[in-house]
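Below is one structure, written out as structure tokens, with a few remarks after it.
Chains as they are written, first to last, in the numbering used here: chain F, 1 to 261; chain H, 262 to 327.
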């Protein structure tokens, strides 16, 4: 079936699954899981190097010609910290497509909406393609779009929680509220969660823990690839309406008469 | 002189540049970025940017994350 591509930061992507690179048991299992996921975009954190010198490095295991790197601002609690982290990422050669996080609370890792909007506005003005991780709130998502976000990334549930898409109705409202791509970021626990996000009409799904912390990350990465594709296809195919009572699938006419009288 | 690099206080030769510090610490250049006293240092200025006593340096690179 014909499908359009996902466009982010002026680049075209066939895969609608974006995966993280954290929490894997080893760099080798990460490399295999990335391969199995079919993802073309992978997120990375920006952190201090070990001193002195650097040992094994994450990017020794990621083919940067093949994958687009999406640096995040995880761990930033203010717009200023997040903006400086994006500058560092750009200077490090990680590009200008950024996953913007401005965290408001360490227990839930819910976003600080005020800081998120300010950072989105400033980074977009400076030429970054900003993908903000945000609450599943249509009003905030619209404001982020107006602030120059290249996409909006509402959470399905708290980061790393695996609780799935807790508010599919809000995700639907977000899809109506904005014209930029909508990517569900965080909360996915298993394949059906990813399929649900895509069936709602989302443009993509971003996940890390669900794959990296699965018993078999490579198998889960494969499941997620298939789920995102299946959910996308089901959305494009157009699902039937929900009805309370049965509608027979077989003809009502022509049933043989087995009555004995 | 004394500077703080990635939170660690250290003694380095006087007049060292950012470039010199990266060599001194055997830091790979690829996918690495430096902030000096909270401001990101452009790669093109590493060789001419001299460090001063009390400076705070952050040297970062990509790590696994979601």
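Quick reminder that beta carbons are idealized off the backbone N, C-alpha and C, glycines included.
Predicted model only: the values in this text are computed from it and were never measured.
Verify whether the separation of the beta carbon atoms of residue i and residue j is less than 7 Å.
| i | j | result |
| --- | --- | --- |
| residue 17 of chain F | residue 242 of chain F | no |
| residue 93 of chain F | residue 102 of chain F | no |
| residue 132 of chain F | residue 98 of chain F | no |
| residue 74 of chain F | residue 45 of chain F | yes |
| residue 324 of chain H | residue 47 of chain F | yes |
| residue 327 of chain H | residue 222 of chain F | no |
| residue 302 of chain H | residue 310 of chain H | yes |
When you compare each of the options to residue i by their alpha carbons, which one comes out closest?
| i | options | result |
| --- | --- | --- |
| residue 154 of chain F | F:76, F:135, F:58 and F:238 | F:135 |
| residue 148 of chain F | F:118, F:139, F:158 and F:170 | F:118 |
| residue 87 of chain F | F:51, F:130 and F:109 | F:130 |
| residue 227 of chain F | F:206, F:144 and F:180 | F:206 |
| residue 49 of chain F | H:289, H:280 and H:316 | H:289 |
| residue 81 of chain F | F:55, F:112 and F:52 | F:112 |
| residue 187 of chain F | F:175, F:162, F:14 and F:251 | F:162 |
| residue 22 of chain F | F:156, F:211, F:5 and F:106 | F:211 |
| residue 179 of chain F | F:166, F:152 and F:159 | F:152 |
| residue 100 of chain F | F:168, F:57 and F:121 | F:121 |
| residue 167 of chain F | F:217, F:91 and F:157 | F:157 |
Return the CA-CA distance between residue i and residue j, expressed in angstroms with no decimal places.
| i | j | result |
| --- | --- | --- |
| residue 63 of chain F | residue 35 of chain F | 10 Å |
| residue 308 of chain H | residue 277 of chain H | 9 Å |
| residue 341 of chain H | residue 304 of chain H | No statement about residue 341 of chain H is possible, as the shown extent of chain H runs from 262 to 327 and does not include it. |
| residue 204 of chain F | residue 183 of chain F | 5 Å |
| residue 195 of chain F | residue 189 of chain F | 11 Å |
| residue 251 of chain F | residue 110 of chain F | 52 Å |
| residue 19 of chain F | residue 150 of chain F | 18 Å |
| residue 27 of chain F | residue 295 of chain H | 25 Å |
| residue 12 of chain F | residue 201 of chain F | 18 Å |
| residue 191 of chain F | residue 229 of chain F | 11 Å |
Looking at the strands, I want to know which residues DSSP matches up with residue i.
| i | result |
| --- | --- |
| residue 271 of chain H | H:264 |
| residue 178 of chain F | None, per the DSSP bridge assignment. |
- Message: As an exercise, report each continuous beta strand (DSSP E) stretch of at least 3 residues that is fully enclosed by the region 33-76 of chain F, in chain order.
- Response: If only uninterrupted beta strand (DSSP E) runs of at least 3 residues are considered, those enclosed by the region 33-76 of chain F are 41-48 and 68-71.
- Query: Which residue spans inside the region 196-258 of chain F form an unbroken beta strand (DSSP E) run of at least 3?
  - Reply: The region 196-258 of chain F contains these whole beta strand (DSSP E) runs: 204-207.
- Message: Ignoring anything shorter than 3 residues, give me the beta strand (DSSP E) runs that lie fully in the region 65-149 of chain F, in order along the chain.
- Response: Fully contained in the region 65-149 of chain F are the following beta strand (DSSP E) runs of length 3 or more, in chain order: 68-71, 97-100 and 129-134.
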